[in-house]
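This report refers to the structure that appears directly beneath it.
2 protein chains.
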Amino acid sequence: MRGAQGDLLRLVAAGHAESRAELARLSGLAASSVSLRVEELIGSGLLVEEGAGTSRGGRRPRRLRLSPSAGLLAVADLGAHHARLGLLDLSGTPLVVEERPCDIADGPEATIDGMAAAFEDLLSAHGPPGVPLRGVGTGIPGPVDPATGRVVAPSRMPGWNNFPVAERLGAHFDLPVLVENDANLMAAGEARSWPKCETLMVLKAGSGIGCGVMVNGALHRGRGAAGDISHVRVRSDSSVTCSCGHDDCLEAYASGAALMSVLNEQGIPVRRPADVVALVEDGVPEATALVRNAGRLIGEVLTVLVNFINPDAIVVGGSLSPAEPLIASIRAAVYERCLPLATRDLEISTSRSGPDAALLGAGSLLLDAVLA
Amino acid sequence: MRGAQGDLLRLVAAGHAESRAELARLSGLAASSVSLRVEELIGSGLLVEEGAGTSRGGRRPRRLRLSPSAGLLAVADLGAHHARLGLLDLSGTPLVVEERPCDIADGPEATIDGMAAAFEDLLSAHGPPGVPLRGVGTGIPGPVDPATGRVVAPSRMPGWNNFPVAERLGAHFDLPVLVENDANLMAAGEARSWPKCETLMVLKAGSGIGCGVMVNGALHRGRGAAGDISHVRVRSDSSVTCSCGHDDCLEAYASGAALMSVLNEQGIPVRRPADVVALVEDGVPEATALVRNAGRLIGEVLTVLVNFINPDAIVVGGSLSPAEPLIASIRAAVYERCLPLATRDLEISTSRSGPDAALLGAGSLLLDAVLA
DNA sequence: CGCCGTATCTTCGATTTCGAAGGAAGATGG
DNA sequence: CCATCTTCCTTCGAAATCGAAGATACGGCG
């Protein structure tokens, strides 16, 4: 499962290639070599041949797929008050996804151990017998040092600073382990649905505000905090001090948490970002105005980044993203203020991958580790 | 000169490898294959063996260099009122560099044809006989569509909009042609001096403000305008309308042109950005205050980008960059406002490649086209 | 229907690449 | 000064890869 052999598997698993001919084109190998190796992979039970594809004017290709028994990945997306967990096959297709309550305030040990136990539950309940688990991974709602798998200076995860999540998770499974920021996972997940995008920005608007960037098919990590936009200073009349110690951070005005706190002060009770969305859909003017303002502020920040990075698309996800005024005012700000060249073919839209985007992203990134 | 053979040449030319052993390590090929191919390349006169390198504990490597007769590149960096031109060998080392007056207001045809003539002059005066020209390239002080080599909506190049620079230049030389934004070229040039940087931002502060980004050793182009920061809205008391039609663009406050126009209004005559630098060095308070303010505004914009991209270094170049207060106030703004994780090992400094950075960058990018 | 063009996949000899072993040249350390 | 270690480079048989030619399968067209 290493080297060039892995490259072929990766191309099939990632959905880039479906036939020997496509593999030859994408891998750069000669068609004959591809055939040989595919035969080996089929022999070892990792690939299966499955019917025929559609003709492109000549003989129909024989479709290749990863064998369902090639392996499983256990992935999670940790939120503040709940975790989404799933089992994927090696091609990233979910077998099961479920949501469990879980409080990161319980501390890292309990949370990670609980996650490991939940993975075991899922495996025994839904894992086909004889199919090996090949990797585990999770998203974290805070900055993660990619090299060490540690949480670094999270603003909304008390007790987690510097905790070695990857190590703890790896203690339960002797397998490749992935620990990554949640917005980054969303970006990796969405990227599979935007195959023609060289540069993709994914904004996660939930309790917090996060952002992930894919450049040329790879996640841009920088030194670990890349994609952070929550502590950018915004233009504002009033002056609010953010938990980071600076004034007028985007997060202090436009995050779900900020919106909820304002609404609660106004006597409108909300407990989760989804409640805010519901209020907007019910036409509650206070909520709509707040969301619209949040979108404008986020959009103004994106303005700078769009001019600079020239993404092909911006995907807005997260629990606040179903609120129409949010994305509308983001669009307005970006299209009004950015350079024509940057916005000419820029698409700004909601998720194509749906609520499991982060889990899919974890699968996609884990695959690289598994097939290394 | 194609394929794997070219990869070895490229590694030597780019300065990444100096011996067969290094080539083997970096190319992934077996040492024996490298030896074979290097022998061929020496046989065909493209590589030469030159003395011995320094030992790393064992036998000394036999140093490899590109043959001086392997070829030449003719490169230029077009400014508003002058052009820098040079001849490089294939390893990017300059043979000659000279500056000529030249006015882009004369229009694209005259400017490009003049450049071609200047290249011919340089070749006949300084080109070693028998050494073939293998590529030509130039930097443009405006946005360039990388696919077509056309100038796109330049703000300070009247008459150039949509002009096919690459085509016009290619009409004079039947060779690979490179046309690229000047800040992008600077970024590519600096990257050679910052080998350990995965992500590098280069800010060009001259008459205009430009920026180039290198990600994982490659120039990030986006859809052509990537790196543009001049039309970002800045926080300001007054309100100035920029040539782009929006209010309070960075360029309208912090570009060399903007500083010069303010100084001239104050009765302090300046004609070039270098004059502003001279005033600052002479301690003229009006100039110093202006430059300091420009640095603060630029720094505030960089703040957003640093949090987002997490570069390993920011290089400040351009004709305004020798002014100490500029870089000092950029540093102050970035270090004060950015996330600790993003600034922890961030270096902000002036050019390591000197005034020829853009020419070196053109050489570096051209090499890829020549050895393709 | 049979022929042609096209695309996919396989066969097989020629070529390239690998990698283990060994020679060459220098550093290190008694 | 000599044994030993490290690194660099080459040699040569084994193995992987290529690529041209052919076999297979499909759509379209007269």
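Chains as they are written, first to last, in the working numbering: chain A, 7 to 378; chain B, 7 to 378.
Ideal Cβ placement from N, Cα and C applies to all residues, glycine included.
Residue-level contact to chain B via CB, residue i, 9 Å cutoff
i: A:F314; result: yes
i: A:D351; result: yes
i: A:T309; result: yes
i: A:C250; result: yes
i: A:P149; result: yes
i: A:P164; result: no
i: A:P317; result: yes
i: A:I215; result: no
i: A:D234; result: yes
i: A:P275; result: no
i: A:H132; result: no
i: A:N222; result: yes
i: A:E306; result: yes
i: A:G12; result: no
Burial state of residue i (16 or more Cβ within 10 Å)
i: A:L206; result: buried
i: A:S249; result: exposed
i: B:S357; result: buried
i: B:E56; result: exposed
i: B:K381; result: Beyond the ends of chain B as shown, which are 7 and 378, falls residue 381 of chain B; an answer cannot be given.
i: B:T380; result: Nothing can be reported for residue 380 of chain B, as the shown portion of chain B is limited to 7 through 378.
i: B:E105; result: exposed
i: B:P275; result: exposed
i: A:T117; result: buried
i: B:D351; result: exposed
i: A:V283; result: buried
i: B:G230; result: buried
i: A:G77; result: buried
i: B:S245; result: exposed
Under the three-state DSSP convention, the category residue i falls into
i: A:D243; result: coil
i: A:S386; result: Outside the shown range of chain A (7 to 378) lies residue 386 of chain A, about which nothing can therefore be said.
i: A:G323; result: strand
i: A:G251; result: coil
i: A:N187; result: strand
i: A:A89; result: strand
i: B:V221; result: strand
i: B:D318; result: coil
i: A:P135; result: coil
i: A:D351; result: coil
i: B:M121; result: helix
i: A:E56; result: strand
i: B:E204; result: coil
i: A:G230; result: coil
i: A:G305; result: helix
Cβ distance (whole Å) where residue i is taken to contact residue j below 8 Å
i: A:G360; j: A:L94; result: So it is not a contact: roughly 14 Å between Cβ atoms.
i: A:V40; j: A:R26; result: 5 Å
i: B:G85; j: B:P147; result: 6 Å
i: A:A260; j: A:I304; result: 5 Å
i: A:D234; j: B:F314; result: 7 Å
i: A:E126; j: A:G155; result: The pair is not a contact, with the Cβ atoms about 21 Å apart (cut-off 8 Å).
i: B:G59; j: B:R43; result: Actually they are not in contact, since the Cβ atoms of B:G59 and B:R43 sit about 19 Å apart, beyond 8 Å.
i: B:V171; j: B:V157; result: 6 Å
i: B:A89; j: B:A82; result: 5 Å
i: A:V240; j: A:E306; result: 7 Å
i: A:S335; j: A:R298; result: 5 Å
Below-9 Å beta-carbon distance, residue i vs any chain A residue
i: B:T205; result: yes
i: B:N168; result: no
i: B:R241; result: yes
i: B:D18; result: It should be noted that the sequence gives Val, not Asp, for residue 18 of chain B. Answer no: the Cβ-Cβ gap between B:V18 and chain A never drops below 9 Å.
i: B:L332; result: no
i: B:A37; result: no
Among the options, nearest to residue i - alpha-carbon criterion
i: A:G367; options: A:A260, A:H22, A:L285, A:G143; result: A:G143
i: A:L3; options: A:A193, A:A334, A:G176; result: As shown, chain A starts at 7 and ends at 378. That puts residue 3 of chain A outside it, with no answer to give.
i: B:P291; options: B:R277, B:P279, B:L269; result: B:L269
i: A:P100; options: A:A378, A:L377, A:A363, A:V376; result: A:A363
i: B:F169; options: B:R198, B:P182, B:P114, B:S130; result: B:P114
i: A:H22; options: A:G223, A:L91, A:V137; result: A:G223
i: A:W200; options: A:N187, A:V221, A:L181; result: A:V221
i: B:D254; options: B:A300, B:M266, B:D288; result: B:A300
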